[in-house]
Structure formats: C-alpha cells, structure tokens
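Note sheet for the following structure.
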Amino acid sequence: MKLSLKYKVLMIVILSVFTAFSLYYFVTKLQQEQAVTEALIDYRNITREYGLDAVYKSKEYPIEVELYPTAHTEAILERWKAISERYPELDYPKAAIEAEDWLTVEESLEDTDVLKEVVDQMYEDSTIPPEGAGASFTTLFNYIKYHQYDTQYIEEVLIDLGIEPLKETD
Amino acid sequence: MKKKKVIMVTMTIILLIVICYFAFQFVNQNQDIEDAIEQEFRSLRIYMEEIYAIEFLDDDRAMVFYSWAHPDFSNFGVMELEKTWRGWQFVEAISNRMERKNAWLKGVYAEITDHAILRGPTWASVDKIVIITDDGREYTPELGKAERQIWYLILEDEPFEEATFILYDSDGEVLREEVLQFDLNS
Numbered sequence: 002m003k004l005s006l007k008y009k010v011l012m013i014v015i016l017s018v019f020t021a022f023s024l025y026y027f028v029t030k031l032q033q034e035q036a037v038t039e040a041l042i043d044y045r046n047i048t049r050e051y052g053l054d055a056v057y058k059s060k061e062y063p064i065e066v067e068l069y070p071t072a073h074t075e076a077i078l079e080r081w082k083a084i085s086e087r088y089p090e091l092d093y094p095k096a097a098i099e100a101e102d103w104l105t106v107e108e109s110l111e112d113t114d115v116l117k118e119v120v121d122q123m124y125e126d127s128t129i130p131p132e133g134a135g136a137s138f139t140t141l142f143n144y145i146k147y148h149q150y151d152t153q154y155i156e157e158v159l160i161d162l163g164i165e166p167l168k169e170t171d
Numbered sequence: 004m005k006k007k008k009v010i011m012v013t014m015t016i017i018l019l020i021v022i023c024y025f026a027f028q029f030v031n032q033n034q035d036i037e038d039a040i041e042q043e044f045r046s047l048r049i050y051m052e053e054i055y056a057i058e059f060l061d062d063d064r065a066m067v068f069y070s071w072a073h074p075d076f077s078n079f080g081v082m083e084l085e086k087t088w089r090g091w092q093f094v095e096a097i098s099n100r101m102e103r104k105n106a107w108l109k110g111v112y113a114e115i116t117d118h119a120i121l122r123g124p125t126w127a128s129v130d131k132i133v134i135i136t137d138d139g140r141e142y143t144p145e146l147g148k149a150e151r152q153i154w155y156l157i158l159e160d161e162p163f164e165e166a167t168f169i170l171y172d173s174d175g176e177v178l179r180e181e182v183l184q185f186d187l188n189s
C-alpha cells in the first residue's frame, strides 16, 4: 500500500498536533500537582505551627482550604505583640493577622537577625542576667511560638521586663 | 471481509471495556479502607497521625476520626470518604486544635458535609460517657482508642450549645462531671 505525499503530510500534522496537546496537558497537570503539593505542605505547617483550625474542602486543583484562629493562635499572637510593643523592630504583622493571611504572618517571624537583635536587647535591658549571659534567636522564636523557655534566664528576663506576669507562689 | 474485520475490532473493544469494568469493580470491592485512608493522609501531606475510629455511615460513606502533629497530637481531625468507581475517595476534612493537658475532657462542634459532629479528647481511664443536655436529651457518645482516647458523637437531631458530661470508669463509677459549651457557628 503506497500512501500519497498529501496523506503522509496530513498524518504528520495530525500526530504533531496530538503530541503537542498531550505534552501541554501533562506539563500543565504536573505544574498544577506541584503547586497543590506545595500549598498543602504550607497549609499543614501553618495549621500545626499556629494551632489553627482547618477545613479542607478540596485537596486537588483548585485547592480549597479555610483556616481559622483558635485560643492557641491567640496566645502566640499575644506573646508576639507584647514583645513587639516594647521592641518595635520586631514587626507585628497586624494587617496580615486581621486578614487571616497566615503565610504572610509566618514570614514576619523569619528574620533571624531581628530576633537575635531583640533578644540581645532584652538581656541588656534586664537587670537579671549576669554580664556575658545571652541567648540565640531561637530562644525568642521558641518563646513566641511554643511558650518555651529554652535558655537560662529567659523566663526571669521576660518577667523582669513585664512581658510575662510574675509567677504566683503557694 | 472488511465488514468482518470491523466487527472483530468492535467486539474486542467492547470486551476490553467489560473486562476493565469488572476489574475496577473487583479492585473496588476488595480495597482495604485503611490503605485508602493512609493514601489520603499522604496526599494531605500529613505523616504523623493517630487513627481512633472509622465510622461507616452507610456502605459508601465513612468518617475517620484522627489526631495529628507530633509530639502532642493536639490537632483533631475528621475526614469523610466516599466510595466511588475509583474506590474510597476524599470528600472533606476538618481539623480542630484542642489542648489535652490537665483536661479530663475537651470538645468541639463541627459540621462536615451534611453531618453535625461533636468530638474531643478524653482521658484513657474513661470507659463510658453520658451526655445530658439542658432540654433533657441523653446521648452515649462513642469512644475511639489509639495511644490516646477521644469521644465522638454524630448528631442526628438538633445541635446543643451546652451539656453535662458524666464520665464513668470500667467499674461503672462516676469519675467526673463536666459541663461543656459548644460554639455552633464554628
């Protein structure tokens, strides 16, 4: 069976168009899946880190997840705000919080230089720690995020500066 | 001859479709729901979870009660699955943060698809819970056990904002009475 040139060209054009559409479809699908995966990881992390409530309406493209603050979230924000009011160099992202844009809120606590600068200033301002005592940026991060006192004197410094209430004794 | 060939090709295609349909049905019928749940958690990118209970609403609907996030597992989730021709598939999921520490009992109201659910953590020593509402309704919620324990109630009538929870141990002795309030707008 001998095919005419016209027929051969037509077949090549049809196959090329089909291949191009298939490639476009699979690349788009792959990009969408990657975007969904990244978004789901972000939602998981932010839900865990800020103790948010989450409603997953759709976990496929287009993804639909709603996040709501809880008492745990409020406690984190209160600690953050208390530090920021005394040390304004630590940004308290009020607009992002009001807009419940939790990914932007998280970004505001990622500047390790600012965290270090603030915790150093706190140790300097307090009369409690002896000279030479200090803390790393994670100390302030862990206090704000997890209410942890992971370095010597940090709890006393926070009480001394009026950020944490005085401990009640029995 | 040509007609015969067309019939053969058509018959082969129909046969393949029928085989595929029955193969799907077979896989579907024999799909282990626990494998499907595991897969759904992975696709949600949740890797550390505790499953307390799987509640079948009917043959094609199920709810999974779980908590997640190492180390305290304080995010309490419920996920609804539906059985389709592709097997068990995700419908919707809700996650609520509830701190366990120093609490005998916590609880939250949530709506998932068209179901109203009350649920929360309770101590492992609790063997039975009785809920009494202000208008005299009485419920016995289910307990879901894993390393920790939760209680849950799928409501079939009107939700309530407040109720007394009576907690019993395995000897039927009252361990504690607690009043819980629920935000029905959450």
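Just so you know, the sequences run in chain order W and Z.
If you're matching positions, the first sequence starts at 2 in this note's numbering and goes up one per residue.
If you're matching positions, the second sequence starts at 4 in this note's numbering and goes up one per residue.
In this text, a Cβ means the ideal position worked out from N, Cα and C, and glycines have one as well.
Everything numeric in this text was worked out from a predicted model, so none of it was measured.
task = Give the secondary structure of F79/Z by DSSP, where H, G and I count as helix, E and B as strand, and everything else as coil.
result = For the purposes of this step, residue 79/Z is taken as the residue at position 76 of the second sequence. Here F79/Z carries a strand assignment [DSSP, helix/strand/coil].
Span of the beta strand (DSSP E), counted from its first residue to its last, around V201/Z = Since the displayed chain Z opens at 4 and closes at 189, residue 201/Z lies outside it and no answer follows.
key: Range of the contiguous beta strand (DSSP E) that encloses N105/Z   = Mapped onto the second sequence, residue 105/Z falls at position 102. Judged by DSSP secondary structure, N105/Z falls outside any beta strand (DSSP E); it is assigned neither H nor E.
query = Any idea what DSSP makes of N46/W, helix, strand or coil?
reply = As a working mapping, residue 46/W is identified with position 45 in the first sequence. Three-state result, N46/W: helix.
query = Beta carbon of S127/W: closer than 7 angstroms to some heavy atom of the ligand SAM?
reply = By its list of ligands, the structure shown contains no ligand whatsoever, and the ligand SAM lies outside what it can speak to.
query = Should K148/Z be labelled buried (16 or more other beta-carbon atoms within 10 Å of its own) or exposed?
reply = As a first step, residue 148/Z must be located in the second sequence, where it is residue number 145. It is exposed - the Cβ of K148/Z has fewer than 16 other Cβ atoms within 10 Å.
Inter-residue Cα distance where the pair is G139/Z and L60/Z = Sequence index remark: in the second sequence, residue 139/Z carries index 136 (1-based). Sequence index remark: in the second sequence, residue 60/Z carries index 57 (1-based). If you take the alpha carbons of G139/Z and L60/Z, they lie about 26 angstroms apart.
query = Comparing alpha-carbon positions, which option in R103/Z, M51/Z, F68/Z lies nearest I115/Z?
reply = Residue mapping note: residue 115/Z aligns to position 112 of the second sequence, counting from 1. Its Cα nearest to that of I115/Z, the residue F68/Z stands out among R103/Z, M51/Z, F68/Z.
ask   = Buried or exposed: where does T105/W fall if 16 or more other Cβ atoms within 10 Å of its Cβ makes it buried?
value = For the purposes of this step, residue 105/W is taken as the residue at position 104 of the first sequence. Classification of T105/W: exposed, given that the 10 Å Cβ count is below 16.
message = Which same chain residues end up closer than 8 angstroms to E61/W when comparing Cβ atoms and leaving out the 5 residues on each side of it in sequence?
response = In the first sequence, residue 61/W corresponds to position 60, counting from 1. Sequence-distant partners of E61/W (beyond 5 residues in either direction) whose C-beta falls short of 8 angstroms from its own C-beta, in its chain, are V37.
key: Euclidean distance between Cα positions of Y144/W and Y57/W   = Numbered from its first residue, the first sequence carries residue 144/W at position 143. Numbered from its first residue, the first sequence carries residue 57/W at position 56. Y144/W and Y57/W have their alpha carbons spaced roughly 30 angstroms apart.
message = Can you pull the chain W neighbours of L93/Z, defined as C-beta to C-beta under 7 angstroms?
response = Here residue 93/Z refers to the residue found at position 90 when the second sequence is read from its first residue. Contrary to the premise, residue 93/Z reads as Phe rather than Leu in this sequence. For F93/Z, the chain W residues whose C-beta falls within less than 7 angstroms of its own C-beta are K60, listed in chain order.
query = Applying a beta-carbon distance threshold of less than 8 angstroms, which residues of chain W neighbour L47/Z?
reply = By one-based count along the second sequence, residue 47/Z stands at place 44. Near L47/Z (Cβ distances below 8 angstroms), the residues of chain W are L41, R45, Y57, K60.
query = With respect to the beta strand (DSSP E) encompassing N99/Z, which residues constitute its N-terminal and C-terminal limits?
reply = Here residue 99/Z refers to the residue found at position 96 when the second sequence is read from its first residue. It spans 90-100 - the beta strand (DSSP E) in which N99/Z sits, taken as one unbroken run.
ask   = Are the Cβ atoms of R80/W and N78/Z separated by less than 8 angstroms?
value = As a first step, residue 80/W must be located in the first sequence, where it is residue number 79. As a first step, residue 78/Z must be located in the second sequence, where it is residue number 75. Taking the C-beta atoms as reference points, N78/Z is found no nearer than 8 angstroms to R80/W.
ask   = Taking a cut of 9 angstroms between CB atoms, which residues from the region 59-80 of chain W lie near chain Z?
value = Correct list: S59, K60, E61, Y69, T71, A72, H73, T74.
task = Less than 8 angstroms between the CB atoms is what I'm expecting for T29/W and Y51/W, so what's the real figure, rounded?
result = Counted from its first residue, the first sequence places residue 29/W at position 28. Counted from its first residue, the first sequence places residue 51/W at position 50. By a beta-carbon distance limit of 8 angstroms, T29/W does not contact Y51/W. Their separation comes to about 33 angstroms.
Top-ranked residue by Cα proximity to K58/Z, from K5/Z, E161/Z, I120/Z, G175/Z = For this step, residue 58/Z is matched to residue 55 along the second sequence. Residue identity check: residue 58/Z is Glu in the sequence provided, not Lys. Answer by Cα proximity: I120/Z.
request  = Would you mind reading off the limits of the beta strand (DSSP E) that contains H73/W?
outcome  = Position 72 of the first sequence holds residue 73/W. Here H73/W belongs to no beta strand (DSSP E); instead the alpha helix (DSSP H) covers 72-87.
key: Inside the region 24-63 of chain Z only - beta strand (DSSP E) runs reaching at least 3 residues   = Contiguous beta strand (DSSP E) elements confined to the region 24-63 of chain Z occur at 52-61, taking only those with 3 or more residues.
inquiry  = What ranges does the alpha helix (DSSP H) occupy inside the region 80-131 of chain W, keeping only unbroken runs of at least 4 residues that lie completely in it?
reply    = Runs found: 95-99, 103-108, 113-126.
ask   = So, does the CB of A39/Z fall closer than 8 angstroms to a CB anywhere in chain W?
value = Along the second sequence, read from residue 1 onward, the residue named residue 39/Z stands at position 36. False, the Cβ-Cβ gap to chain W never drops below 8 angstroms.
CB contact flag (L178/Z, S128/Z, <8 angstroms) = Taking the first residue of the second sequence as 1, we reach residue 178/Z at position 175. Taking the first residue of the second sequence as 1, we reach residue 128/Z at position 125. Yes.
task = Would you check if the distance between the CB atom of Y55/Z and the CB atom of I132/Z is smaller than 8 angstroms?
result = Residue mapping note: residue 55/Z aligns to position 52 of the second sequence, counting from 1. Residue mapping note: residue 132/Z aligns to position 129 of the second sequence, counting from 1. For the pair Y55/Z and I132/Z, the CB atoms are not nearer than the 8 angstroms cut-off.
request  = Measuring alpha carbon to alpha carbon, tell me which of R87/W, T20/W, S17/W, I64/W ends up nearest Q33/W.
outcome  = By one-based count along the first sequence, residue 33/W stands at place 32. Considering only alpha carbons, the answer is I64/W.
query = Which whole-angstrom value describes the C-beta separation of W107/Z and T125/Z, a residue pair presumed to lie in contact below a C-beta threshold of 8 angstroms?
reply = Translated into the one-based positions of the second sequence, residue 107/Z becomes position 104. Translated into the one-based positions of the second sequence, residue 125/Z becomes position 122. Confirmed, about 7 angstroms.
query = Between Y88/W and Q122/W, which are expected to be in contact by the criterion C-beta below 8 angstroms, what is the C-beta distance as a whole number of angstroms?
reply = The residue you call residue 88/W lines up with position 87 of the first sequence. The residue you call residue 122/W lines up with position 121 of the first sequence. Correct: roughly 6 angstroms between the Cβ atoms.
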